[in-house]
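Colleague: Quick one: this structure, given as structure tokens, is what I'll be asking you about.
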């Protein structure tokens, strides 16, 4: 249950896939040497696909110490963070994902860049369809509800362009 999981850090899928591909896992209690950074990034920029990895039954009972590879202090946001703040974090920091944690540090979810863009643009586009004139962003730091529309003839790409230009 994610709502009862305290955020300890973040490990990327590409790192996990690389660790699995290189079979850098161990039996409980067994000690193994940490992977070097050059080994962890060996497949960059084309990391193996998770579907290309096959594990034996014995391998499936082994463990990976993720602590040595994870980022112990990833960027996080509150579940009540304004969408514009989240959008700005993604754009200004070049994030691909953002962990949502409550005030107790419990993980409530994760927002990916793709989900944010899709959600943001769908919301803006649906608001545009209800209006009858062109898009005006009155204050880029305010909530999405401040976006007013003045032209129903604008395409989703032109709306996206105006919004992204504003931020």
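In my numbering, the protein residues as written are 3 to 169.
Idealized CB from N, CA, C, for every residue including glycine.
Could you tell me which uninterrupted alpha helix (DSSP H) segments, each at least 4 residues in length, are contained entirely in the segment 35 to 73, listed from first to last along the chain?
Modeller: 39 to 42 and 59 to 62
Colleague: Using the Cα positions of residue 56 and residue 130, report the straight-line distance between them to the nearest angstrom.
Modeller: To locate residue 56, count along the chain shown from 1; it is residue 54. To locate residue 130, count along the chain shown from 1; it is residue 128. Answer to the nearest angstrom: the Cα atoms are 48 Å apart.
Colleague: Measuring alpha carbon to alpha carbon, tell me which residue in 23, 40 and 44 is nearest residue 54.
Modeller: Numbered from its first residue, the chain shown carries residue 54 at position 52. Taking only the C-alpha atoms, the option nearest residue 54 is 23.
Colleague: Would a C-beta distance cut-off of 8 Å place residue 73 and residue 12 closer than the cut-off?
Modeller: Along the chain shown, read from residue 1 onward, the residue named residue 73 stands at position 71. Along the chain shown, read from residue 1 onward, the residue named residue 12 stands at position 10. Yes.
Colleague: What first and last residue would you give for the beta strand (DSSP E) that runs through residue 18?
Modeller: Within the chain shown, residue 18 is the residue found at index 16, counting from 1. Counting along the chain, residue 18 falls outside any beta strand (DSSP E), though it belongs to the alpha helix (DSSP H) covering 15 to 23.
Colleague: At the level of alpha carbons, what is the spacing between residue 37 and residue 70?
Modeller: Within the chain shown, numbered from 1, the residue matching residue 37 stands at position 35. Within the chain shown, numbered from 1, the residue matching residue 70 stands at position 68. C-alpha separation (whole angstroms): 9 Å.
Colleague: Closest to residue 58 by CA distance: which of 27, 94 and 100 is it?
Modeller: Indexing the chain shown from 1 puts residue 58 at position 56. Among 27, 94 and 100, the Cα nearest to that of residue 58 belongs to 27.
Colleague: For residue 186, which of helix, strand or coil comes out of DSSP?
Modeller: The question about residue 186 has no answer here: the residues shown for the chain are numbered 3 through 169.
Colleague: For residue 108, report the span of its beta strand (DSSP E) as first-last.
Modeller: As a working mapping, residue 108 is identified with position 106 in the chain shown. Residue 108 -> no beta strand (DSSP E), and no H or E assigned at all.
Colleague: When the Cα atoms are used, what is the spatial distance from residue 68 to residue 20?
Modeller: As a working mapping, residue 68 is identified with position 66 in the chain shown. As a working mapping, residue 20 is identified with position 18 in the chain shown. If you take the alpha carbons of residue 68 and residue 20, they lie about 12 Å apart.
Colleague: For residue 64, collect the residues of the same chain with a Cβ closer than 7 Å to its Cβ; drop the 5 residues on either side in sequence, then sort them by chain order.
Modeller: On the chain shown, residue 64 is found 62 positions in, with the first residue counted as 1. If we look at residue 64 and ignore the five residues flanking it on each side, its Cβ neighbours are 27, 28 and 29.
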